[in-house]
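Residue numbers (our numbering): 8 to 1144.
Right, here's the structure in full:
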């Protein structure tokens, strides 16, 4: 209730399952009661899906005020919704009829809106197209800048120096610049005005702060005892001439301080107390100055000194922060750059602003920008906090309340935007900021999310606006057993203290609202030595048991990386278990797409040998290996310096064809005819039509096995069309890289209760059962960056003296062929620490998706000694290592089982695996295209479908017409699928597809979201409405989009019937879909009018249908947007010839 106070600003920490979206909805409704216009309340999310869900829930709350509340939360929501409706009536908002007045949008759409309003200040002019993947544009800008090396430009020397640093590897520099340009909002503000003294000062401060941290953590321990022990070790090491960092403590009379000269002593103490890996030392020997002694008295003395050090280490053993900080001193960066380091870094810092300038030119010439450019332009349109623009002042008046969801995923530029939007806001002035998030679920660093911004806002507010902290603790999702396990596990493995710079977030416990279920809530399944085969077998077993015991429950397999699914997918397919893989398999990995890609390359480049081999091996041709060898291994061209004949030339050589089998010749004949036409007519038509036509003629569609393959083929052809220029692909490698980023559709016929996705994709979702495999595996290492940078916030002591701020560390990539750069390695280590903490949060997110049961599977490494098998800790960068303190006992118990040890010791897991099916699927050699129907006599067409559209949309705009077209297209597909695999939840995954369909039709701007809503509403009604389920479900002799031609009243008419079928009573139904909308009060009267408007048109359909089918005809009009229906018997009102 405190968070609903409309007079104050809040920051809410809402752990998984705590009902944060419900709180946001209530806050939004509460604020609507406080404003003069609903547009004064703005809610911002970070994804279109989240924005759509929030808008839908707000409208649902307003629509269901008369429903019986299920609990106190529902009752409170209804009370707030009733108040809003009452105010809506008083003010004449008509908010339920004009849902666009509910301002729920993504932060990217907010930025785009700001640049639209101030095109001059944002420097955009007309609004460019915003692209999600701007890699092609980054590459063009990078090549443009690198090309200066051959010019007389002043930057040529800098480009030459950086290339020399990278051993003149131009392609590597291109990749590095593409990566760095995508992150330019992070570093661009740091580049300008930085000199060597500033950056080296930051290095020195970093070293000093590290020593001060150790000093503060060490303060409670006995320094005199440690000094005496150290003197003993130094004396022994000196007398034995043994080199050791401990010798740096020679002459130490007191605990080291934080001066530069103290670092060598701290490193000596670290060597004395810690092992090389950084753990507390257990073995104390001569290597660190504790010789065993030779005489009895010497041995006794040695034992006493060892005991003293052991006791001292034991006292420190509980201080893990001290251990980490002490170990960190060993890898601190040097206090200054070398001259060669600085020369390269100077060249990079001079080049990168120009790289951004080149990118802006590319953006302007292409008319396309990325989201970063839009957010930067939005910041420019708002001006600075001290000098706001007219737009900022206008927004200051129009926005009274701002709500931000998933605030932990905010990037630096987005945080800056929010700061400028709220600049000048103060406590009590009637304007409020309400941010909600969970730092424990911040897992999007790869999208530039910075969890430290949430921690900073909670501590210091945003700008001049202080935020009152509120923490939610109830878990409304998971059963008590899972909540208890999560509390116990992550309280132990997550850091004790938060740290803004490293992104360390301590765990906040939750309180279960559901009872504990019988049996184990969390199952940890131990495996060893990368036994991924057994993991996959276990997963199949788990799923079969769940499908048998709880067939209606939902299950998700969540993985850190798509590459971890290989064995699992193979086993699931072999077991006949169907599943929905959400953005898992790349489109380019689907066989039908690989064949189409090979066909494309063969048409573009007839000399592409690999492409032609793939085309001849593809199922539409299906040459055997023996025949391929006879063709491709032709030795007829032994001359040097003479290019060998292409495979296209070889398969047209009758002498070579005479050597292969008769079956092979028949198959090649069909291929030669089709490909000959393509090659002869290259560049005379679009590449898409060329490839699609060739694929159809050789029998490609006849080779696919399901509708999903056809949909994937269409996706590829659409992508091909969007990238072709004048009948070809300008940059094939760029085209193929883009294809790698596209995902294949999931199995559309699979049930939705088993889904496979990445952990990142699962955020915000929940399932009855969650299976998380591959915990012992590592993700792919990222390529090093052109330069590393890191902002280190000032310590609290320095903030008191110098104010808020941060120190900047920066280093160039190490020179090719040399060992690691120490400054670069230090920043890389700090970045690795951030990743370590994020991985802790990643396994937390995966664990909290489960409602009933959680299964965790992972493989730990084994060692072997004289006693047999020994368990080793998992790799530090694996997810299993994050929960190892609580999961290791399960592995120890498993390894202690004699039978399990015997099995592990004897089996060779790497040799296991299913047999690969090497049988060749192909069309028969005599396959032919189906015979086309006889041509009809041509007459000037009368397009009834055209007049039909004019009737339906005579008062509607273009957007409504295009929305209707998209709805018709998808209803056809639903009918073809006979409703199999269609559910409301599936529509969420298709929203981006609907959007793309509408954009292709020309819908844009404010109309786009409304049109998407019309499409989703129409399809939702169609698959949930009883009438719709009858209409689109299995029916006898069903046909969709049936085209008919007939003479009506002496004129030839071309008709298209949306759907026709026979019902169980033998009636022939003719059904048309009408996407008309109705906003008035009397729906039945509206439907009656629509029936009369379309009666004559539908009677024509009936008359023509009766010429071929004498069974009784029933006519139906279905209105999917409003769930309406009208039917009548087909008449004879027209003369039909």
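Beta carbons are placed, not taken as given, at the ideal position from N, Cα and C, and that holds for glycine.
Neighbourhood of residue i by C-beta, 7 Å cutoff - its chain only, sequence neighbours within 5 removed
i	result
residue 680	none
residue 209	814, 815, 816
residue 1130	1028, 1032
residue 47	405, 406, 407, 408
residue 244	251, 253, 254, 296
residue 492	528, 529
residue 9	477
residue 503	513
residue 337	274, 277
Proximity below 7 Å, CB of residue i to CB of residue j
i	j	result
residue 369	residue 135	no
residue 849	residue 295	no
residue 468	residue 474	yes
residue 766	residue 862	no
residue 517	residue 22	yes
residue 64	residue 102	no
residue 1177	residue 1090	A query on residue 1177 cannot be resolved here, the shown segment of the chain reaching from 8 to 1144 and no further.
residue 600	residue 723	yes
residue 1137	residue 1109	yes
residue 324	residue 349	no
residue 1103	residue 1047	no
residue 422	residue 472	no
residue 442	residue 414	yes
Rounded distance between the beta-carbons of residue j and residue i, thought under 8 Å
i	j	result
residue 610	residue 685	5 Å
residue 359	residue 198	6 Å
residue 584	residue 550	6 Å
residue 672	residue 773	Rounded, the Cβ-Cβ distance is 59 Å, inconsistent with contact.
residue 237	residue 259	6 Å
residue 1124	residue 1081	6 Å
Contacting residues, own chain, Cβ-Cβ under 8 Å from residue i (five flanking each side not counted)
i	result
residue 1011	none
residue 960	Note that residue 960 has pLDDT 38, beneath the 50 cutoff, so the model's placement of it is unreliable and the number below is only indicative. For residue 960, where only same-chain residues beyond five positions count, the Cβ hits under 8 Å are 967, 968, 971.
Start-to-end residues for the beta strand (DSSP E) that takes in residue i
i	result
residue 514	Per DSSP, residue 514 belongs to no beta strand (DSSP E) and is neither H nor E.
residue 112	110 to 113
residue 366	No beta strand (DSSP E) holds residue 366; the alpha helix (DSSP H) holding it covers 346 to 373.
residue 763	761 to 765
residue 1050	1043 to 1055
residue 534	529 to 535
residue 383	Residue 383 -> not in any beta strand (DSSP E); alpha helix (DSSP H) instead, spanning 378 to 389.
Residue range of the unbroken alpha helix (DSSP H) whose run includes residue i
i	result
residue 85	79 to 98
residue 1029	1013 to 1031
residue 835	829 to 854
residue 493	487 to 500
residue 7	The structure shown does not extend to residue 7, since the chain spans only 8 to 1144, so no value can be given for it.
residue 319	303 to 323
residue 617	616 to 624
residue 865	Taken as a continuous stretch (DSSP letters only), residue 865 belongs to no alpha helix (DSSP H), being part of the beta strand (DSSP E) at 857 to 867.
residue 1000	991 to 1008
residue 632	632 to 639
residue 169	163 to 172
Any C-beta of chain D under 7 Å from that of residue i
i	result
residue 206	Reference to chain D is not applicable here, since this structure consists of a single protein chain.
Close beta carbons around residue i, own chain, < 6 Å, minus the five adjacent residues each side
i	result
residue 830	340, 818
residue 963	With a pLDDT of only 44 at residue 963, under the threshold of 50, the placement of this residue in the model should not be trusted, and no figure is reported.
residue 840	509
### Message
Extract the residue ranges of the beta strand (DSSP E) inside the segment 1074 to 1112, only unbroken runs of 3 or more that lie entirely within it.
### Response
1075 to 1080
### Message
I'd like the ranges of any alpha helix (DSSP H) spanning at least 4 consecutive residues and lying wholly in the segment 642 to 691.
### Response
654 to 657, 661 to 664, 669 to 687
#### Entry: Every unbroken alpha helix (DSSP H) within the segment 697 to 729, with a cutoff of 4 residues, ordered by chain
707 to 710
### Within the segment 408 to 466, ranges of the beta strand (DSSP E) (whole runs, at least 3 residues)
Whole beta strand (DSSP E) segments, 3+ residues: 408 to 411, 439 to 444.
### Task
Within the segment 543 to 623, note down every full alpha helix (DSSP H) run reaching 4 residues or more, in order along the chain.
573 to 581, 598 to 611
### Query
Could you give the uninterrupted runs of the beta strand (DSSP E) lying entirely in the segment 875 to 909, keeping only those of 3 residues or more?
875 to 878
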